[in-house]
Amino acid sequence: MNDIPHIGHAYTTIIADALARFNRLRGKEVFFLTGTDEHGQKIEKAAAEKGLKPLELANKVVGRIKDLWKALEISNDFFIRTTEPFHEKGVQKIFLKLKKNGDIYKGTYQGWYCVSDENFLSEDVPLEAEGHKICPDCGKKAILVSEDCYFFRLSRYEEPLLKFYSQNPEFVRPPSRMNEVVSFVRHGLKDLNITRTTVKWGIPVPDDPSHTIYVWFDALHNYLTGAGYDWNLAQFQKFWPATIHLIGKDILRFHAILWPAFLMAGGFPLPKTVYGHGWWLKDEAKMSKSKGNVLDPYVILKVFGPDPLRYFLLREIPIGLDGNFSHEGFLHRVNSDLANDLGNLVHRTLTMIQGYFKGMIEDGEEEQEKDKVIRQAFEALKERVADLYENYALSRALEEIWVYINSVNKYLADNEPWKLAEDEAKKRRLARILYQTAAAIRGIGYLLYPVMPESSRKIWSYLGENTAIEEISFAAFRFEDLKTGLKIQRPKPLFPRVNLQDFLKEDVPSAVLEKKEEKMDIVTFDEFKKMDLRVGEILKAEKVPGTDKLIKIEVNIGTEKRTMVAGVGDTYSPEELVGKKLVVIVNLKPAVIRGIESQAMLLAAEVGGKAIIPFFDREISAGAKVR
Ligand SMILES: [Zn+2]
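Written as structure tokens, this is what we have:
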């Protein structure tokens with residue numbers, strides 16, 4: 028809520044929307060809930076900085092988020108704001124219930140708290156030399172907080188949780204994350220303080236209003252209140268427990284440990300799956316406003332509409348993994364997959380139906396051997412795609428659909444319709460080929476609907492098909508249900524073809540590129556001379572525990588030894604770095620990274636998101652100046 032919406036936020040909701048649309052096509056009754064978590068210290072602070080009341084800030088941001096969901100064709104059934112009275116009442120009711128059964132009790136807590144993540148640090152986090160702790164999740168300085176508070180008896184749920192995980196291996200997905208959760212719980216769970224007196228912007232504890240309820244206890248219960256808990260019990264009973272909670276992997280522990288424990292304590296059934304999806308990275312860092320690397324989805328929406336972004340995010344990587352967002356990568360997918368493969372197939376087919384048959388879809392003379400291939404392949408594709416969507420393998424489903432698109436392109440080319448068109452005697456054969464291709468396109472439009480609803484509807488309307496896609500269930504959909512006698516629309520391109528330069532021009536107004544432009548400021552020679560660049564020799568190198576890409580390096584810079592932390596672990600092993608000579612900046616302000624003071628920085632090129640270090644290729648001694 029303290030952030031402007033960016034592609035990272037849109038990603039979760041786009042995945043959820045594709046799953047919701049697919050399940051509706053499957054004939055299931057779907058309740059798709061999304062919303063905003065509006066309480067807590069972070070929002071209190073962000074609002075104060077802007078001179079607003081927290082609710083005023085929330086109202087603004089919610090407006091922007093709802094607009095964005097509309098522009099992205101998000102089909103949520105309900106939008107919950109945790110500041111709504113029905114939610115607050117529901118949370119208070121559950122709080123009292125837990126207090127009554129002894130799962131919530133009063134005590135005192137002292138601990139290190141990360142304001143940014145609204146989270147108490149685990150006691151294992153070591154003290155820094157300066158006497159404070161650094162949040163291991165965001166790297167910011169934590170503050171020491173001591174207060175009277177209410178505790179949730181989390182320790183009581185250690186065994187029940189472990190038992191639950193072992194009986195429900197699908198509860199956390201992808202599976203690698205389940206191991207992470209189990210080992211965390213095995214390590215032991217301590218009671219959790221779930222109220223604050225230092226935070227005013229929250230739901231008051233019933234009967235003790237100087238305390239507010241911890242934002243995670245508050246926010247997680249949105250899944251119950253949003254589904255109808257305590258205000259629409261018929262709906263609640265119909266849809267709870269949830270089939271899937273879809274979240275970013277950074278908040279997996281809250282959802283996979285606290286949430287089921289709260290639910291057990293409250294006597295509610297548990298959701299079937301918590302899916303922790305990966306992050307979209309830009310320049311290797313998680314997108315966030317404070318890091319200045321957000322990509323404003325509005326810029327993309329303005330040029331392309333919703334579907335290319337939906338397609339790119341779901342096609343580029345499986346939802347469990349991290350992806351790197353680049354404008355180049357995005358445009359490549361749009362131009363190659365959408366404009367070329369799919370767009371051209373639709374356009375060529377419609378143009379031929381227009382030219383050869385006055386825009387009328389006709390039937391004709393079947394050649395079994397040639398024609399059945401594309402029909403049978405569709406039936407098989409439909410089953411596979413259904414299985415893949417069902418298993419959250421959206422990227423694989425799209426991949427399969429594209430294999431089919433290209434086989435239809437090939438079918439069309441192999442049958443050389445333009446040659447048949449020259450011979451009046453072959454006109455019936457030509458009609459059949461175009462009918463088959465049009466039927467395949469209709470089927471492709473249908474299968475793509477969960478991911479690209481707008482384009483699917485366009486494809487259908489281009490074909491003159493006037494049934495709504497949503498009205499045909501997956502089981503009932505048939506390749507040959509394309510009616511003859513339909514009048515197609517005059518062919519128009521389905522996707523715009525945009526070149527990178529034009530796109531980046533469009534991009535200029537976004538906050539992102541303003542930042543980029545600042546970065547490209549001219550540096551004077553005097554400013555450049557201030558930088559102390561030297562040859563450094565790597566003496567020691569080791570991975571920073573708990574990270575994949577950070578390496579702690581000890582480097583000899585001639586006059587002394589320095590320690591630095593570098594994000595090069597994707598490309599180099601610590602062993603191969605030892606003894607190498609490279610360029611380091613030695614007068615940069617030190618930064619604390621993962622609790623290690625980094626007193627120098629190395630230079631490296633970034634290639635496809637990986638760092639490549641320029642090493643010296645002649646003998647040279649450490650400490651030599653680079654200028
Ligand atoms: Zn933090």
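Residue numbers (our numbering): 28 to 654.
The C-beta atom is built at its ideal place from N, Cα and C for all residues, glycine as well.
In this text the structure is predicted, and so the values were computed from the model without any measurement.
For residue i: DSSP bridge partner residues
{"i": "residue 177", "result": "133"}
{"i": "residue 581", "result": "567, 590"}
{"i": "residue 142", "result": "Note: residue 142 sits in no beta bridge, so no partner."}
{"i": "residue 307", "result": "350"}
{"i": "residue 239", "result": "223, 231"}
{"i": "residue 283", "result": "Residue 283 pairs with nothing; no bridge assigned."}
{"i": "residue 638", "result": "633"}
{"i": "residue 620", "result": "623"}
{"i": "residue 302", "result": "200, 273"}
{"i": "residue 560", "result": "612"}
{"i": "residue 330", "result": "According to DSSP, residue 330 bridges with nothing at all."}
{"i": "residue 555", "result": "Per DSSP, none; premise fails for residue 555."}
{"i": "residue 647", "result": "None, per the DSSP bridge assignment."}
Sequence-distant residues of its chain with Cβ nearer than 7 Å to residue i (five each side left out)
{"i": "residue 160", "result": "139, 148, 152, 154, 169"}
{"i": "residue 254", "result": "58, 60, 262, 263, 266, 267"}
{"i": "residue 123", "result": "233"}
{"i": "residue 487", "result": "469, 472, 496"}
{"i": "residue 256", "result": "117, 263"}
{"i": "residue 617", "result": "624, 625, 626"}
{"i": "residue 121", "result": "248, 293"}
{"i": "residue 377", "result": "489, 515, 518"}
{"i": "residue 411", "result": "427"}
{"i": "residue 193", "result": "none"}
Buried or exposed (CB count within 10 angstroms, at least 16 for buried), residue i
{"i": "residue 64", "result": "buried"}
{"i": "residue 284", "result": "buried"}
{"i": "residue 296", "result": "exposed"}
{"i": "residue 445", "result": "exposed"}
{"i": "residue 260", "result": "exposed"}
{"i": "residue 557", "result": "exposed"}
{"i": "residue 552", "result": "exposed"}
{"i": "residue 69", "result": "buried"}
{"i": "residue 512", "result": "exposed"}
{"i": "residue 187", "result": "exposed"}
{"i": "residue 42", "result": "buried"}
{"i": "residue 346", "result": "buried"}
{"i": "residue 564", "result": "buried"}
{"i": "residue 441", "result": "exposed"}
{"i": "residue 287", "result": "buried"}
{"i": "residue 245", "result": "buried"}
{"i": "residue 277", "result": "exposed"}
{"i": "residue 526", "result": "exposed"}
{"i": "residue 545", "result": "Annotation note: pLDDT 31 at residue 545 (below 50); position unreliable, no value reported."}
{"i": "residue 132", "result": "exposed"}
{"i": "residue 596", "result": "buried"}
{"i": "residue 562", "result": "buried"}
Endpoints, the beta strand (DSSP E) within which residue i is located
{"i": "residue 271", "result": "271-275"}
{"i": "residue 62", "result": "60-63"}
{"i": "residue 363", "result": "First-last for residue 363: undefined, no H or E at that position."}
{"i": "residue 625", "result": "623-625"}
{"i": "residue 525", "result": "It is not in any beta strand (DSSP E) - residue 525 carries neither H nor E in the DSSP assignment."}
{"i": "residue 106", "result": "105-108"}
{"i": "residue 605", "result": "Careful: residue 605 lies outside any beta strand (DSSP E) and carries neither H nor E."}
Own chain, CB closer than 8 Å to residue i, minus 5 neighbours either side, in chain order
{"i": "residue 641", "result": "609, 610, 630, 631, 632"}
{"i": "residue 509", "result": "388, 462, 465, 466, 469, 490, 492"}
{"i": "residue 274", "result": "39, 282, 301, 302, 303, 304"}
{"i": "residue 381", "result": "515, 517, 518"}
{"i": "residue 229", "result": "66, 67, 223, 239, 240, 241, 242, 245"}
{"i": "residue 575", "result": "596, 597"}
CB-CB length for residue i against residue j, believed under 8 Å
{"i": "residue 477", "j": "residue 431", "result": "Not confirmed; about 16 Å, so no contact."}
{"i": "residue 307", "j": "residue 350", "result": "5 Å"}
Span of the alpha helix (DSSP H) around residue i
{"i": "residue 244", "result": "242-247"}
{"i": "residue 69", "result": "68-76"}
{"i": "residue 47", "result": "34-52"}
{"i": "residue 183", "result": "Taken as a continuous stretch (DSSP letters only), residue 183 belongs to no alpha helix (DSSP H), as it is neither H nor E."}
Cβ of residue i within 8 Å of any chain D Cβ
{"i": "residue 391", "result": "In the structure shown, chain D cannot be found, because there is only a single protein chain."}
Residues near residue i in its chain [Cβ-Cβ closer than 6 Å; skip 5 each side]
{"i": "residue 191", "result": "none"}
{"i": "residue 242", "result": "66, 67, 145"}
{"i": "residue 181", "result": "216, 218, 219, 288"}
{"i": "residue 438", "result": "401"}
{"i": "residue 290", "result": "297"}
{"i": "residue 569", "result": "579, 601"}
{"i": "residue 205", "result": "199"}
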